[in-house]
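Visitor: Quick one: the structure is below, and I'll ask about it shortly.
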Amino acid sequence: MRSPRDERVSCGLALAAAIVACLACTGRVSGGGAGVGATGGASAAGTTGSAGAMGTAGTTGGGGADAGATSALPGDLPLPRLSHDEYLQTVRDLVQQVVPSEAAGIVPAIMNLTGDLPADALVTIPTEKHGGFARDDQSEQQQYSDVPVAVATALGVALTSTPARVAALFGTCSNAGASVDAACLRAFVTSFGAIALRHPLSDDDVTFYTATATGTPPTVADLANVIAVMLSSPRFLYRVESGAAQVGPSTYALDAYELAARLSYHFWGTMPDATLRADAASGVLLTDAGYASEVARLMADPRADTTLRTFFEQWFWPLLELPPLNSRASDPVFKAFAGADLPGSTLNAHMLADVLDATSWVTAHGGGVSDLLTNRLSFAKDADLAAIYGVAPWSGQGDPPTLPASRAGLLTRAAFLSTATVNTRPIMKGVFIRTTLLCDPIPPPPANAANTPIDTSANQTTREAIEAVTEVPNTVCVGCHKPLINPLGFASENFDSLGRERAAQTFYDAMGNVTGSKPVDTTSIPAVVPGDATASTGMGDVTRLVAQSGKVGQCLATRFFRFAFRRIEGEGDQPAVSGLAALAATGTLTDVFKGVALRPEFKQRVITP
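Numbering of the sequence shown is given in this note's numbering, commencing with residue 9 and proceeding in unit increments.
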């Protein structure tokens, strides 16, 4: 009887053969490799992320009706693909690694072919409507086939377009790029394949790829075809993990090369560098000391910050849902409301950068979860956001300026306050804090919830209007809104919908004329911990209570597990999540981010029949 691991390897080889057979049938990788079309490729799209196995425990493909289900074993996908940004960065880095002197002349043109590569959908569990993690499974692989195959073909042509590039790729056996014989081609496939496919090739693999060159001796067109086929193969477009020794029921330890790739994609969102490959080849990576050293090196590299910023952007879903702030720039009411701060097309990007720069700063300076919540430095580098904050723009050098005392930290940054309208959205603010920072469940709203709009036209404050609709006794709304949602959202009503501090809410008629104002009310009982009746006067108190609760660390652990492993946690994942939560409770953000890679689960994958 064949093992599940053997079946998985056979499946990968069969897929590779199918891709090449399809390319051969269409003739699109012949005669110099020009014009590979839409057939036969494999998927490669998504957002930058890390290298864990992907999918959803207890489901097929993730994000389905059973996405909240748990199982004793993690639901690793057989063939997780590279995400959108991972694929693009892998292509860039591959060219840089194999022909560094020619990369500047090749990469820009190749990247021009990737504009149609779609982003990944974010997957949530049924009880979480917003945010999620990028799905990197195969559910839409046909949609993503066109671009990778076109890129592979173009790269094959570009890498062999001059004798200098052929010489750089194939080495001295190419006679200064003039000719390549069968032995030289085989040596190239062996060396190039180990880099591009992130694992040494077997003799059968080498024979398979060299056989796609039909000329004797191979022509330049043959060489381009070989490269195109290799870069269209599952081992390039997917993270193939067959495992090595069995370490538990249906659980296999990753071999050194698979582990190097998982580390590299986890921290950097791209292929292993020469150091990682050397440590895998020598076996150093499989030693405790060698592995810990590589984890520290990868985490310290600036490329890790890019991956972590993607995590925070996915976790803090209001950043992804922030509408274009200049969408109402011609509306008389909005123009009157915004005044001198009327948004331009760049304000959205400046607000997002402010939040992500704050996460980078806290992480780089050894901060923990509490520091993430309470950091009060302004990272506004441009005049528009700096004006909203009432501080000078930051040059990007030295310590950033401190925000005014009214800014309590993360939750009072403009990106979490702005709505692109004249009104704030305290309900969404409360949902974000309750479900995403505290990981408290909120029952789904009734089916007709959107049928009762919040109307502030009668010179009611936003809070008054929301209370009049959602806090009426004996209604279906009051049970969730009054104790769970509204109190958290009302705490920041001393900021308007551009994120500017205010003491009163101003009202306008349809022409933008001021019709009155009322003081805002930020008092509430936020009940950050169930049953806690501590009163709050505003977001400063809420931030303090949230930080003291310890719940954000647990929530961070859960969300980072999903980001790192690309799936919902199952029952068997509880030790990993609890271990990360313990790091979040006592350590730094860096400890959590490194801690995933130091977990035994990171070095394994589950392969089920």
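Glycine is no exception: its CB is placed at the ideal position from the N, C-alpha and C atoms.
Small disclaimer: the values here were computed from a predicted structure and weren't measured.
(1) By a C-beta neighbour count over all protein chains shown, 10 Å radius and 16 as the cutoff for buried, is A204 buried or exposed?
(2) Please confirm whether R510 and V522 have their CB atoms less than 9 Å apart.
(3) Straight-line CA distance for L418 to S290?
(4) Which of the three DSSP states, helix, strand or coil, is assigned to K526?
(5) Find out if the Cβ-Cβ distance for the pair L360, L330 is shorter than 9 Å.
(6) Relative to the alpha-carbon of L167, which residue among A190, C485 and V234 has its alpha-carbon at the smallest distance?
(7) Determine whether the beta carbon atoms of V537 and L564 lie at a separation below 9 Å.
(8) Would A541 and D549 be called neighbours here (beta carbons separated by less than 9 Å)?
(9) In angstroms with no decimal places, state the Cα-to-Cα distance between R415 and I493.
(10) Run through the stretch 204-243 for me and flag every whole alpha helix (DSSP H) of 4 or more residues, listed as ranges in chain order.
(11) Consult DSSP for L446 and reduce its assignment to one of helix, strand or coil.
(12) Could you give the uninterrupted runs of the alpha helix (DSSP H) lying entirely in the stretch 111-145, keeping only those of 4 residues or more?
(13) Below 8 Å on the Cβ atoms is my guess for S532 versus P491; work out the distance and round it to an integer in Å.
(14) Quick one: what does DSSP say E266 is sitting in, helix, strand or coil?
(15) When DSSP builds the beta bridges, which residues end up paired with T515?
(16) For the stretch 314-328 and the stretch 349-364, state whether three or more C-beta atom pairs, one from each stretch, are separated by less than 8 Å.
(17) Name the two residues that bound the continuous alpha helix (DSSP H) containing A158.
(18) With a threshold of 8 Å, are at least 3 pairs of Cβ atoms found where one atom belongs to the stretch 195-211 and the other to the stretch 132-139?
(19) Is it the case that the stretch 589-599 contacts the stretch 367-377, given that we only count it when at least three CB pairs across the two stretches are under 8 Å?
(20) Tell me which same chain residues have a C-beta within less than 6 Å of the C-beta of R100, skipping the five on either side of it?
(21) For D213, is the classification buried or exposed, using 16 other Cβ atoms within 10 angstroms of its Cβ as the cut-off for buried?
(22) If you compare alpha carbons, which of A127, L121 and V103 is closest to H92?
(23) Could you tell me how far apart the beta carbons of A400 and L333 are, in whole angstroms, since I believe they sit closer than 8 Å?
(24) Does DSSP put F503 in a helix, in a strand, or in coil?
(25) Quick check on A428: does DSSP put it in helix, strand or coil?
(26) Indicate whether R247 and Y273 have their beta-carbon atoms separated by less than 9 Å.
(27) Would you call V480 buried or exposed, if buried means 16 or more other Cβ atoms sit within 10 Å of its Cβ?
(28) Check whether the stretch 223-233 touches the stretch 277-296, taking contact to mean three or more Cβ pairs, one atom from each stretch, closer than 8 Å.
Guide: Result, derived from the coordinates:
(1) Locating residue 204 in the sequence shown gives position 196, counting from the first residue. Under this definition A204 is a buried residue.
(2) By 1-based counting over the sequence shown, the position of residue 510 is 502. By 1-based counting over the sequence shown, the position of residue 522 is 514. The answer is no: Cβ separation not under 9 Å.
(3) Taking the first residue of the sequence shown as 1, we reach residue 418 at position 410. Taking the first residue of the sequence shown as 1, we reach residue 290 at position 282. Cα-Cα distance, rounded: 45 Å.
(4) Mapped onto the sequence shown, residue 526 falls at position 518. In this structure, K526 counts as strand in the three-state DSSP scheme.
(5) As a first step, residue 360 must be located in the sequence shown, where it is residue number 352. As a first step, residue 330 must be located in the sequence shown, where it is residue number 322. For L360 and L330, yes; Cβs fall inside 9 Å.
(6) Within the sequence shown, residue 167 is the residue found at index 159, counting from 1. Out of A190, C485 and V234, V234 has the C-alpha closest to the C-alpha of L167.
(7) Within the sequence shown, the letter at position 529 stands for residue 537. Within the sequence shown, the letter at position 556 stands for residue 564. Against a cut-off of 9 Å, the Cβ pair of L564 and V537 comes out as no contact.
(8) The residue given as residue 541 occupies position 533 in the sequence shown. The residue given as residue 549 occupies position 541 in the sequence shown. The answer is no: Cβ separation not under 9 Å.
(9) Taking the sequence shown and counting its residues from 1, the one referred to as residue 415 is at position 407. Taking the sequence shown and counting its residues from 1, the one referred to as residue 493 is at position 485. Taking the straight line from one Cα to the other gives about 21 Å.
(10) 211-218 and 228-239
(11) Stepping through the sequence shown from its first residue, residue 446 is reached at position 438. Here L446 sits in coil by DSSP.
(12) 111-119
(13) Counted from its first residue, the sequence shown places residue 532 at position 524. Counted from its first residue, the sequence shown places residue 491 at position 483. With a Cβ gap of about 10 Å, S532 and P491 do not count as contacting.
(14) Stepping through the sequence shown from its first residue, residue 266 is reached at position 258. Of the three classes helix, strand and coil, the one that applies to E266 here is helix, per DSSP.
(15) For the purposes of this step, residue 515 is identified with residue 507 of the sequence shown, where counting begins at 1. One detail in the question is off: residue 515 reads as Phe in this sequence, not Thr. Partner(s): G524.
(16) yes
(17) Taking the sequence shown and counting its residues from 1, the one referred to as residue 158 is at position 150. Element bounds for A158: D154 to L167.
(18) no
(19) yes
(20) Taking the first residue of the sequence shown as 1, we reach residue 100 at position 92. Around R100: V115.
(21) Taking the first residue of the sequence shown as position 1, residue 213 is located at position 205. That one is buried.
(22) One-based indexing of the sequence shown puts residue 92 at position 84. Looking at the Cα atoms, A127 is the closest of the given residues.
(23) On the sequence shown, position 392 is the one that residue 400 refers to. On the sequence shown, position 325 is the one that residue 333 refers to. A400 to L333, Cβ: 22 Å. No contact.
(24) As a working note, residue 503 is residue 495 in the sequence shown. Residue state, collapsed to three classes: strand.
(25) Taking the first residue of the sequence shown as position 1, residue 428 is located at position 420. In the structure shown, A428 sits in coil (DSSP, three-state: anything other than H, G, I, E or B).
(26) In the sequence shown, counting from the first residue as 1, residue 247 sits at position 239. In the sequence shown, counting from the first residue as 1, residue 273 sits at position 265. Their beta carbons are under 9 Å apart, which means R247 touches Y273 by this criterion.
(27) The sequence position of residue 480 within the sequence shown is 472, counting from 1. The residue is exposed, with fewer than 16 neighbouring Cβ atoms inside 10 Å.
(28) no
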